[in-house]
Amino acid sequence: MVVPGSPSAAGTSPAPGREALLAALDHSLGMLTLTPDGIIVDVNDKLLGMFGYARTDLIGKPHAILCEPGDITCGDALAQVLSTQRSHTGQVRRHRQDGTAVWLEATYNPVFDDTGKLAFVIKLAVDVTARVERQAADDARLHLLSLGVDETDNAVLITDAQGIVCYVNAGFTRMLGYAASEVVGQSVYVPFGEPPEGELADGASAVVDVKQALAGCLVSARDGRSCHCEVLVRTAQRQPLWVSVVTNPILDASGKLLNAVVLFTDITQSKIQEVLQHKALAAMVRDAPLVEVLTLVCRELEQIAPEVMASVVRVDAEGRLRPQAGPSLPAQYHKMVDGLAIGPNVGTCGTAAFQARPVIVTDIANDPRWANFRDMAAEFGLAASWSMPIIANDGRVLGVLAFYYRTVRGPDALHERLVDVCVHLCKLAFERDESRTRIRQLAFSDSLTGLPNRSMLGVLAAQAIASAGELNTRMAVIFIDLDRFKQVNDSLGHQAGDVLLRTIAQRLRRSLRGADIVARLSGDEFVAVLTECDPERLDIAIERMRGALTASCQVDGVTLAPSGSFGISLYPNHGKEFDLLLQRADMAMYQAKMTSPGSVRVYSEDMNIHAQERLELETAMRDALRRNTLRLFYQPQINLLDESVYGVEALSRWTHPQHGEVSPSRFIALAEECGLIGELGMWTLRESCRQLAEWRQRGAGIENVSVNLSPTNFHDHDLPRMIAEALADHELPPSCLAIEITESVLMDHNPSTLRIIDEVHSMGVRLSMDDFGTGYSSLGYLRRLPVSELKLDRSFVHDITRDETVRALTNAIISIGRNLHLTVVAEGVEDEAQRNLLVAQGYRVAQGYLFSPALSAGDLERWLEQWSARRRARNPVQS
1 MVVPGSPSAA GTSPAPGREA LLAALDHSLG MLTLTPDGII VDVNDKLLGM FGYARTDLIG
61 KPHAILCEPG DITCGDALAQ VLSTQRSHTG QVRRHRQDGT AVWLEATYNP VFDDTGKLAF
121 VIKLAVDVTA RVERQAADDA RLHLLSLGVD ETDNAVLITD AQGIVCYVNA GFTRMLGYAA
181 SEVVGQSVYV PFGEPPEGEL ADGASAVVDV KQALAGCLVS ARDGRSCHCE VLVRTAQRQP
241 LWVSVVTNPI LDASGKLLNA VVLFTDITQS KIQEVLQHKA LAAMVRDAPL VEVLTLVCRE
301 LEQIAPEVMA SVVRVDAEGR LRPQAGPSLP AQYHKMVDGL AIGPNVGTCG TAAFQARPVI
361 VTDIANDPRW ANFRDMAAEF GLAASWSMPI IANDGRVLGV LAFYYRTVRG PDALHERLVD
421 VCVHLCKLAF ERDESRTRIR QLAFSDSLTG LPNRSMLGVL AAQAIASAGE LNTRMAVIFI
481 DLDRFKQVND SLGHQAGDVL LRTIAQRLRR SLRGADIVAR LSGDEFVAVL TECDPERLDI
541 AIERMRGALT ASCQVDGVTL APSGSFGISL YPNHGKEFDL LLQRADMAMY QAKMTSPGSV
601 RVYSEDMNIH AQERLELETA MRDALRRNTL RLFYQPQINL LDESVYGVEA LSRWTHPQHG
661 EVSPSRFIAL AEECGLIGEL GMWTLRESCR QLAEWRQRGA GIENVSVNLS PTNFHDHDLP
721 RMIAEALADH ELPPSCLAIE ITESVLMDHN PSTLRIIDEV HSMGVRLSMD DFGTGYSSLG
781 YLRRLPVSEL KLDRSFVHDI TRDETVRALT NAIISIGRNL HLTVVAEGVE DEAQRNLLVA
841 QGYRVAQGYL FSPALSAGDL ERWLEQWSAR RRARNPVQS
C-alpha cells in the first residue's frame with residue numbers, strides 16, 4: 001500500500017530498513033487511506049481480505065460502504081479526527097461483503113501536508129472478531145487492544161526473529177518513558193530485564209512477570225501463533241504500570257518468522273479496579289468484618305504502589321479518629337492516633353476529616369498542620385502524606401484514606417488512580433458496616449424504647465450466666481409487668497402509652513449498673529438481669545427500680561402514677577438456663593400481680609404448680625367457649641313497692657370437668673389475662689338475648705335482662721352492630737336490654753369509645769353504671785354520658801344499717817337518681833332491715849340473697865312461680 005504524500009509516492013525510494021518495517025506493518029495491519037470527506041483512495045490486501053472486497057469495489061467509494069446499513073455512528077471516528085486533528089482509536093463493528101459482521105480494532109491517523117493542512121486519514125485495523133466473540137462470554141473483561149503507529153496512544157514495538165527491537169512508536173515513549181534510541185537495536189528484554197532460563201512451552205497463558213510474558217509471546221510468534229497477556233511492568237521512572245500485550249507474528253512464504261508486532265495497551269485503571277474491587281467486594285460478600293476488608297484494601301494498594309504506606313481511619317460520632325487498618329504502619333502509631341479529635345491542624349487525616357476535602361502535605365517536617373505531631377511522624381519515618389475523606393451519600397465524613405511516604409514528595413498519577421478506586425471501596429465497606437449495625441439494631445433492639453429485645457436479651461443473659469458460672473457468682477432475673485397499663489392505653493390512647501413505656505425504659509436503665517441488663521419483652525413487660533448479685537445488692541436494686549418506676553410523670557397533660565409487679569428468680573438456685581429463669585420470674589410476677597399489684601415476689605416451687613393449674617384452666621376455658629359449655633345464671637331484680645320482677649341480671653358460670661365450679665372472680669380475671677374477655681362478653685350477650693326471648697314468648701313474666709360487658713368490648717367498633725344482631729335474631733326490642741358498664745369504661749378518653757357508647761344508647765339500649773359510688777369521679781360522668789340506670793354498690797348496702805355515714809351517702813345517691821330521672825338498683829340486699837332502710841330512702845329496685853341468689857334458667861322459672869304465689873298470697877288485690 002502506498003500512502004499519498006509519502007516518499008515512495010513522490011518517486012523516491014525509502015531506506016531499505018524503512019521499507020522492511022512498512023512491509024511488516026502492511027502484512028499485519030489492515031490499512032485504508034481516506035480523504036477528509038471520507039472517500040477511500042487506497043486500501044491494502046490485509047484489509048481487503050478482512051472484508052472480502054476487491055480493490056475496485058472500494059476505491060473511490062465512501063467509507064460508509066464498510067458499515068452496516070443504517071449505522072449512524074459510522075462516521076464518528078473520522079469526524080473525531082477532523083474535529084481534533086488527532087488520532088482516534090476504537091473498536092468498531094463493520095460489514096463484510098457477504099453480509100457478516102467483522103470487529104476491528106481501528107486507529108484513524110491524520111496525515112498533514114507541508115502547510116499543516118489535513119491531507120489524508122490513514123485507518124489501521126486489526127481483525128479482532130474471534131477475540132471479541134471469545135470475550136463476549138466473559139462480559140468483555142479484557143480490553144480490546146488497538147494497533148497503530150506513531151500517532152496512536154498505544155505503544156507499538158516490532159522485533160525481528162531474534163527478538164531485537166526494530167521499531168518503537170512515539171506512544172511507546174509516552175507510555176513507558178524509553179526513547180527510541182534506548183530501545184531500537186537492543187534485545188526486547190532490555191527495558192524489562194533479561195528473560196528467565198529456558199522458554200515457556202505455552203506463551204498464550206496470561207502471566208504477571210513481564211520477562212516470562214515476552215519470552216512466551218516470542219515462542220508463540222515463532223510457531224506462527226498470536227499471543228495475548230496482561231503484565232505489570234515498570235516504566236523508565238520505575239512507576240508500576242499494568243499493560244495488555246498482544247503479539248502478532250509476521251511470517252514469510254515458508255512460514256518462518258520475520259517480525260513480531262507487539263502492541264502495549266495501558267490497563268492500569270481497569271486492573272486496579274479488577275484486583276482491588278474483586279477482592280474487596282468478595283470479602284464483603286462473605287461478610288468479612290470491616291477491619292479485615294479495609295486491611296485487604298490497604299495491602300492490595302501497597303502491592304501496586306510499594307512506595308505507599310496506606311491507612312484507613314474511621315471518624316466516630318464524637319468527631320474522633322479511630323484507626324481501622326494500616327498494615328505497614330507501626331501499631332504504636334495507631335495507638336497515638338486513636339481518639340484524636342479532628343480539627344484544622346491535626347495532621348492530614350484530622351484536617352481532611354474536619355474540612356471534608358483532600359489534604360496533601362509534601363513535607364511533614366515543615367508543614368504547620370503537623371506542628372503538634374511532627375515528632376511522632378519523624379519517629380516512625382513519615383516524611384509526606386496525602387489524606388482523602390471518605391464521604392457518605394448524606395454528606396457525613398465516615399473516615400479518611402491516607403497515603404504515607406518515607407520521602408518528601410507528593411502523589412503521582414498512579415496514586416491518584418488508586419485513591420479514586422480505594423475511596424469508593426472504603427465508602428462501600430463503611431456503609432455496609434453501618435447497614436449491618438442498623439440491621440442488628442432492628443433485629444436485637446426494641447424500636448420503641450431502644451432497649452434490647454427478647455432475642456438480644458437471650459444472647460446477653462446467656463453470656464452473663466456463663467460468666468457467673470466461671471466466677472461462681474449469683475445472678476437475678478427480674479420480670480416487671482406494669483400495673484393498669486392497658487387502662488392508660490384505653491383511656492389516653494396508644495401514643496400516650498408509648499410515651500409512658502419510653503419513660504419507664506429510661507428510668508429502669510438509669511437505675512441499674514452498667515454491667516446489668518434491662519430489656520423490653522413486649523407490651524408492658526420488662527426484664528432486668530442483675531449480675532454479681534448478692535441478697536443485699538438485690539434488695540437495693542429492687543428498691544431503686546421500684547422508686548424509679550413509681551415516680552409520677554406527665555403524659556399528655558395527665559399526671560400518672562405508674563407502678564409495676566416484680567417477679568424474681570435467682571441463679572443458680574432456681575435454674576441454670578436463662579429460659580427457665582425467665583419462666584420462673586414470670587410466674588413470680590404473676591403471683592405478685594394476682595395477690596397485690598405493685599408488689600414483689602421471689603419464685604418458689606409452689607408457683608410452678610399454680611402456673612400449671614392456670615395454664616390448664618386457660619386451655620379448658622378456651623375449649624368451653626368453643627364448645628358452648630359455659631352457663632348463665634340469672635339473679636332477679638325486684639320492684640320494692642309491689643314485689644314484681646323488674647328484670648334479671650345475667651351472670652356467667654363455669655363448671656370445670658375436673659375441678660368443678662370455678663369462681664367467677666377467678667375465671668373472669670383469667671379471661672382478661674388471656675384475651676378471652678371480649679369473646680366471653682359477646683357469648684353472654686347472645687345467650688341472654690336467646691333466653692329472654694324464650695321467656696317473653698312463654699309469658700314467664702321476665703321482660704328485661706342486664707348484661708355485664710368488659711371495657712374490651714367497648715374498644716370493638718363492631719359492638720353496636722353485634723348488639724343489634726343479637727336483638728334482631730330474637731326479635732327483642734332494644735329497651736329490654738341493659739348493658740352494665742364499669743367506671744373504667746367511663747374513664748376512657750378515647751373518642752371512639754365514647755362514640756360507641758353513644759351509638760349503643762341511640763339504639764334504645766339502656767346503659768347502667770355498675771358499682772356506683774366506689775369511683776372517685778363517678779359523679780363527673782353522669783353529666784356527659786347517656787346513663788339511664790345506677791347500681792348502688794353492695795358495700796354501701798352491707799353497712800347501711802350500722803353506719804350513719806353510709807346511710808347519708810345512700811340517701812344522697814338516691815336523691816341524685818331521683819333528680820336525674822335515673823333508676824337506682826341496690827345490690828347485695830341480704831336482710832329485711834337493709835330492705836326497709838332502702839325503701840324508706842326511696843329506693844325502688846333491689847337484688848340480693850334476700851330475694852334470690854343467681855339461678856339457672858330452669859331454677860329461676862320455678863323460683864318465679866313460688867315468688868308469684870307468695871306475692872299473690874300477701875297481696876291478693878294486686879295479684
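All residue numbers in the sequence shown are consecutive under the UniProt record's numbering, ending with 879. Every residue, glycine too, gets a C-beta built ideally from N, C-alpha and C.
{"Asked": "Sequence ranges, alpha helix (DSSP H) only - wholly within the stretch 788–828, length at least 4", "Found": "794–799 and 804–819"}
{"Asked": "Pairwise C-alpha distance: Ala282 and Ser604", "Found": "55 Å"}
{"Asked": "Exposure of Ser768, with buried meaning 16 or more beta-carbon neighbours within 10 Å", "Found": "buried"}
{"Asked": "Sub-7 Å separation of Arg807 and Ile800 beta-carbons", "Found": "yes"}
{"Asked": "Contact the stretch 432–443 vs the stretch 546–553: 3+ CB pairs below 8 Å", "Found": "no"}
{"Asked": "For His334 and Leu257, the rounded distance between their alpha carbons", "Found": "59 Å"}
{"Asked": "Proximity to Arg584 [Cα-Cα], best of Tyr571, Ser596, Ile304 and Thr595", "Found": "Tyr571"}
{"Asked": "Segment contact flag, the stretch 677–688 with the stretch 784–804, C-beta cutoff 8 Å, min 3 pairs", "Found": "no"}
{"Asked": "Beta strand (DSSP E) segment containing Tyr167, residue limits", "Found": "Val165 to Val168"}
{"Asked": "Assigned secondary structure, Leu850 (DSSP; H/G/I helix, E/B strand, else coil)", "Found": "coil"}
{"Asked": "Beta-carbon proximity list for Asp362, same chain, < 7 Å, skipping 5 on both sides", "Found": "For clarity, residue 362 is Thr in the given sequence; the question names Asp instead. Excluding sequence neighbours, Thr362 sits near Ala384, Val408, Arg409 and Gly410."}
{"Asked": "Assigned exposure category for Pro720 - 16 Cβ within 10 Å defines buried", "Found": "buried"}
{"Asked": "Close beta carbons around Val359, own chain, < 6 Å, minus the five adjacent residues each side", "Found": "Thr348, Thr351, Ala352 and Ser387"}
{"Asked": "Cβ-Cβ distance between Leu508 and Val518 below 7 Å", "Found": "yes"}
{"Asked": "Length of the line joining the Cα atoms of Ile702 and Ala592", "Found": "43 Å"}
{"Asked": "Identified DSSP bridge partners for Tyr634", "Found": "Ala650 and Leu855"}
{"Asked": "Boundaries of the beta strand (DSSP E) in which Arg314 is found, first to last residue", "Found": "Met309 to Val315"}
{"Asked": "Among Gly647, Gln162, Leu737 and Leu617, the one whose alpha carbon lies nearest that of His761", "Found": "Leu737"}
{"Asked": "Leu329 versus Lys427 - alpha carbon distance", "Found": "21 Å"}
{"Asked": "Proximity to Cys674 [Cα-Cα], best of Gln637, Leu617 and Arg55", "Found": "Leu617"}
{"Asked": "Same chain only: Cβ atoms within 6 Å of Ala561, ignoring 5 sequence neighbours per side", "Found": "Ser552"}
{"Asked": "Buried or exposed (CB count within 10 angstroms, at least 16 for buried), Gln637", "Found": "buried"}
{"Asked": "Pairwise C-alpha distance: Thr100 and His63", "Found": "17 Å"}
{"Asked": "Proximity of Gly171 and Asp153 at Cβ, strictly below 7 Å", "Found": "yes"}
{"Asked": "Inter-residue Cα distance where the pair is Leu500 and Ala331", "Found": "48 Å"}
{"Asked": "Cβ neighbour criterion (16 or more within 10 Å) applied to Gly817", "Found": "buried"}
{"Asked": "Beta-carbon spacing of His656, Val662 below 7 Å", "Found": "yes"}
{"Asked": "Between the CA atoms of Asp412 and Ala253 - distance to the nearest angstrom", "Found": "48 Å"}
{"Asked": "Collapsed DSSP secondary structure at Val765 in the structure displayed", "Found": "coil"}
{"Asked": "Sequence ranges, alpha helix (DSSP H) only - wholly within the stretch 351–386, length at least 4", "Found": "374–379"}
{"Asked": "Reference Arg622, options Gly848, Thr84 and Leu670, closest by Cα", "Found": "Leu670"}
{"Asked": "Contact check, Gln186 vs Val168, beta carbons under 7 Å", "Found": "no"}
{"Asked": "Extent of the continuous beta strand (DSSP E) run through Asn708", "Found": "Val705 to Asn708"}
{"Asked": "Same chain only: Cβ atoms within 6 Å of Gly339, ignoring 5 sequence neighbours per side", "Found": "Arg320"}
{"Asked": "Beta-carbon proximity list for Pro327, same chain, < 6 Å, skipping 5 on both sides", "Found": "Thr295, Cys298 and Arg299"}
{"Asked": "Burial state of Ile540, where buried means 16 or more other Cβ atoms lie within 10 Å", "Found": "exposed"}
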